[in-house]
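K.L.:
Following my numbering, the numbering of the sequence shown begins with 23 at its first residue and continues without gaps. What follows is a single structure, and I will ask about it in a moment.
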Amino acid sequence: MSRLLSGEVDSVLVETDGAMSVDAAFDGALLPGSFSPVHDGHRELARAAGDMLGKEVCYEISVLNVDKPPLAKEEVERRLTQFLGNARVVLTRAETFRKKADLFPGAAFVIGWDTAVRLVAPRYYGGESSAMLTALAEMWASGCRFLVAGREADGTFHTLDNVEIPEGFRPLFQEIPESRFRIDISSTALRAES
């Protein structure tokens with residue numbers, strides 16, 4: 023893990039028993055998040071996406087984040103303990119989906135409505151719409167796609183239909199129907215309660 027944190031390696035696959043493999047190949051789907059804490063919503067989303075795709079969904083935690091400071095080793099270890107005995111986790115240094123797509127070409131990324139909104143927001147691409155369009159085109163060219171789950175916000179359940187996807191990029195996204203997954207819970211709310 024120290025090699026990942028220092029930037030020597032790009033990813034570490036952590037098995038359910040805690041064993042780690044550096045830059046291991048992975049051909050399942052990835053559910054990125056901070057998982058602070060992991061909760062039933064995450065687990066059910068992984069299950070629903072796995073059922074839809076017919077493949078394993080592995081959690082992904084980036085030690086870097088576009089909106090927050092890098093994670094310290096102790097914090098990464100704390101988050102990993104939640105998964106021991108239950109699920110595999112990929113640790114990366116990929117703070118953007120463009121970088122995740124480079125690491126895992128052909129991957130399906132399982133995301134919520136709120137993340138899909140950010141994925142197509144130019145502000146995450148230096149404020150440039152052209153940079154956002156280029157990134158989407160490159161992710162598409164790498165064979166990646168996004169499964170999008172609906173999410174409640176401000177008393178309204180939002181779905182992929184509520185995301186302003188740039189023209190021509192709709193095939194990059196697939197909705198997880200509300201009938202397959204809906205759990206109105208968030209890590210932020212759980213942290214506020216504790």
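The beta carbon of each residue, even a glycine, is placed where N, CA and C say it ideally should be.
1) With V98 as the anchor, note down where its alpha helix (DSSP H) starts and where it stops.
2) Determine the extent of the alpha helix (DSSP H) in which M74 is found, giving its start and end residues.
3) In this structure, how does DSSP classify F179 when only helix, strand and coil are distinguished?
4) Using the three-state DSSP reduction, which class does F195 fall into: helix, strand or coil?
5) According to DSSP, simplified to helix, strand and coil, what is E82?
6) Please say whether V85 and L113 have beta carbons closer to each other than 9 Å?
7) Using 9 Å as the threshold, is the C-beta distance between E200 and G165 below it?
8) Give the single residue among G148, G107 and I133 whose Cα lies nearest to the Cα of E197.
P.N.:
Reading off the structure:
1) K95 to T103
2) D62 to L75
3) strand
4) strand
5) strand
6) yes
7) no
8) I133
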